[in-house]
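Numbering (our numbering), first residue to last: 6 to 254. The beta-carbon is built from N, C-alpha and C at its ideal position, and this holds for glycine as well. The model shown is predicted, which means the values in this text are computed figures rather than measured ones.
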């Protein structure tokens, strides 16, 4: 299924057996007058995939009842599912998904999340390109970040969040000045966020609670700050953003 290219690159004659890519279908990808069945059948024939596989993937992505419908009348979410069906046709070991959640309803998002996990559990490599950091936090186990053509990060989700987001403990007290003095004396740093709230780094929530109790300082809130993937991503890529809203011209 592969051959040698002019410059040493591998030529894959039947790509859907090896690596498949999914992205939302638009007018440039497929004739709107074709049915979902016809579109997938053409892909299958061009890659020598048994036509029985077409019905299998349509069933898997939830489009079995829409198999005979014209793609031009599909919603964005249905086109997304059809694109995924095309990627699954050859049952490849490597899959690339480009913004796979665009246009999907909540049920569809949960389905895609489960699909990715199942594919990965089968030993496949699943690459997902997405700007939806909150969803990737529930889906990915490893992150690759590229900014302006440069590799910025390649690490596990846990390491990425721990290394690239500010940790700390949120405190809320009517006597912030007194608590601040106590915590600073213990080697902590306190960043005020309001007259009664602040972010503490350098001490655990348990230690802050003990010190507050010892000095009889009332606490209304004491919570360890858990950084989101989005905040970690924004922190890491701050210097790689090409366009900023409201930037000076």
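Expressed to the nearest angstrom, what Euclidean distance is found between the alpha-carbon atoms of residue i and residue j?
i, j, result
"residue 87", "residue 57", "16 Å"
"residue 113", "residue 61", "18 Å"
"residue 129", "residue 225", "48 Å"
"residue 143", "residue 104", "15 Å"
"residue 177", "residue 241", "28 Å"
"residue 117", "residue 135", "13 Å"
"residue 179", "residue 201", "5 Å"
"residue 212", "residue 199", "22 Å"
"residue 222", "residue 183", "8 Å"
"residue 39", "residue 102", "23 Å"
"residue 238", "residue 231", "14 Å"
"residue 89", "residue 122", "14 Å"
"residue 195", "residue 160", "30 Å"
"residue 44", "residue 85", "14 Å"
"residue 233", "residue 53", "44 Å"
"residue 164", "residue 235", "14 Å"
"residue 115", "residue 35", "27 Å"
"residue 80", "residue 109", "9 Å"
"residue 68", "residue 175", "47 Å"
"residue 83", "residue 71", "9 Å"
"residue 148", "residue 99", "16 Å"
"residue 181", "residue 209", "17 Å"
Using the three-state DSSP reduction, which class does residue i fall into: helix, strand or coil?
i, result
"residue 212", "helix"
"residue 195", "strand"
"residue 184", "helix"
"residue 135", "coil"
"residue 233", "coil"
"residue 228", "strand"
"residue 44", "helix"
"residue 175", "strand"
"residue 59", "helix"
"residue 49", "helix"
"residue 222", "coil"
"residue 189", "helix"
"residue 159", "strand"
Indicate, with yes or no, if the ligand GDP has a heavy atom lying under 7 Å from the CB of residue i.
i, result
"residue 109", "In the structure shown, the ligand GDP is absent, as is every other ligand, since no ligand is present at all."
On the premise that residue j lies in contact with residue i, defined as a C-beta separation below 8 Å, what is that separation, rounded to the nearest angstrom?
i, j, result
"residue 66", "residue 42", "Wrong, their Cβ atoms sit about 13 Å apart, outside the cutoff."
"residue 173", "residue 219", "Between residue 219 and residue 173 the Cβ distance is about 21 Å, and since that is not below 8 Å, they are no contact."
"residue 91", "residue 37", "The pair is not a contact, with the Cβ atoms about 16 Å apart (cut-off 8 Å)."
"residue 131", "residue 124", "5 Å"
"residue 106", "residue 140", "6 Å"
"residue 162", "residue 145", "6 Å"
"residue 227", "residue 214", "6 Å"
Do the stretch 146-163 and the stretch 183-190 meet, that is, are 3 or more Cβ pairs less than 8 Å apart? A contact between stretches requires three or more CB pairs, one per stretch, nearer than 8 Å, and the stretch 146-163 fails this requirement with the stretch 183-190.
Taking 8 Å as the cut-off, does the stretch 47-54 touch the stretch 93-102 (at least 3 CB pairs, one atom from each stretch)? Taking a contact to require three or more Cβ pairs closer than 8 Å, the stretch 93-102 and the stretch 47-54 qualify as touching.
Complete beta strand (DSSP E) runs within the stretch 61-132 (minimum length 3 residues, chain order): Counting whole runs of 3 or more residues, the stretch 61-132 contains the beta strand (DSSP E) stretches 99-103.
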